[in-house]
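Peer 1:
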């Protein structure tokens, strides 16, 4: 919370205030800085002035001291306040980038492309890691499948299917259906063989017709001559 930090941070040491006092310019500092220099004047980095130190010292900032003791930094001011602070941070960052662009355009551009290159490297490493993990998983799955007892698995599945069928059918019904399926398969194979025979016969007849037509054509050519 930047606004509270500005309020509760010392303008000299930039640390949280301890026993704060008010300077004539209105800023607050830690009381320990008043007599640390041993001079009768104290330089304020905010207003750039030397303040005369009274014999009794500067006036304590009772309000700030009370708020510090109440741990106001830990107060929850709601989601809207957090969003406002976040927006302020983004705005302050944009201002800093603009100042840097104005003061050092070449340096700003170098830093910008440096950050962009760093982001690209991170994304590339992330994608590479994801691809490596995917390939490792694929290789592991293939290895597991290769090493699995496929024959035993198929045999076990067949038995499970048979057992499942037997729970709904009697042994006699199961054998009848199985024989019917076997007979049907044999019938289909027999029909297929007959069809192949007929195709062969048709092809043979077509070949004979072609040969007859060829001889007729040759015979006619001789008669015309």
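Numbering (full-length UniProt numbering), first residue to last: 1 to 225. Heads up, the beta-carbon is just placed ideally off N, CA and C, and yes, glycines get one too.
#1: Could you give the DSSP three-state label for residue 94: helix, strand or coil?
#2: Consider the C-beta atom of residue 51 and the heavy atoms of the ligand GTP; say whether any pair is separated by less than 6 Å.
#3: In terms of residue numbering, what span does the alpha helix (DSSP H) encompassing residue 41 cover?
#4: I'd like to check one pair, residue 59 with residue 29: are the Cβ atoms closer than 7 Å?
#5: Kindly indicate the opening and closing residues of the alpha helix (DSSP H) around residue 64.
#6: Apply the 10 Å Cβ neighbour rule to residue 183 and answer buried if 16 or more other Cβ atoms are within range, or exposed otherwise.
#7: Could you give the distance in angstroms between the alpha-carbon of residue 1 and the alpha-carbon of residue 139?
#8: Anyone know if the C-beta pair for residue 50 and residue 62 falls short of 7 Å?
#9: Looking at the structure shown, is residue 1 part of a helix, part of a strand, or coil, going by DSSP?
#10: Could you tell me the boundaries of the beta strand (DSSP E) in which residue 49 lies?
#11: How would you write the range of the beta strand (DSSP E) that residue 28 sits in, first residue to last?
#12: Would you give the residue range spanned by the beta strand (DSSP E) that residue 20 belongs to?
#13: Identify the residues that DSSP records as bridge partners of residue 105: which are they?
#14: Is it the case that the Cβ atoms of residue 47 and residue 25 are separated by a distance below 7 Å?
#15: For residue 11, count neighbouring Cβ atoms within 10 angstroms of its own Cβ and tell me buried if that reaches 16, exposed if not.
#16: Mind checking residue 17: buried by the 16 CB within 10 Å criterion, or exposed?
#17: Nearest CA to the CA of residue 66: which residue from 112, 8 and 194?
#18: Around the Cβ of residue 136, are there at least 16 other Cβ atoms within 10 angstroms (buried) or fewer (exposed)?
#19: Checking the sheet assignment: what are the DSSP bridge partners for residue 59?
#20: Report the partner residues of residue 238 according to the DSSP bridge assignment.
#21: With residue 64 and residue 20 assumed to form a contact (beta carbons below 8 Å), what rounded beta-carbon distance in angstroms separates them?
#22: On the premise that residue 108 lies in contact with residue 100, defined as a C-beta separation below 8 Å, what is that separation, rounded to the nearest angstrom?
Peer 2: Reading from the atomic positions:
#1: helix
#2: As far as ligands go, the structure on display features none, and thus does not contain the ligand GTP.
#3: Residue 41 -> not in any alpha helix (DSSP H); beta strand (DSSP E) instead, spanning 41 to 44.
#4: Contact flag unset, no.
#5: Looking at the DSSP string, the run of the alpha helix (DSSP H) that includes residue 64 is 62 to 69.
#6: exposed
#7: Note on residue 1: pLDDT 43, under 50, position unreliable in the model; the coordinate value appears next. Between residue 1 and residue 139, the C-alpha separation is close to 51 Å.
#8: no
#9: Summary for residue 1: the model assigns pLDDT 43, below 50, so the residue's position carries little reliability; its value from the coordinates is reported in the next sentence. DSSP places residue 1 in coil when its eight states are reduced to three.
#10: 49 to 52
#11: 28 to 30
#12: 20 to 22
#13: Paired residues: none, contrary to the question.
#14: yes
#15: buried
#16: Looking at its Cβ environment, which holds 16 or more other Cβ atoms inside 10 Å, residue 17 is buried.
#17: 8
#18: exposed
#19: 22
#20: Past the edges of the chain, shown from 1 to 225, lies residue 238, and the structure says nothing about it.
#21: Separation of the CB atoms of residue 64 and residue 20 is rounded to 5 Å, and the pair is thereby assigned contact status at 8 Å.
#22: 5 Å
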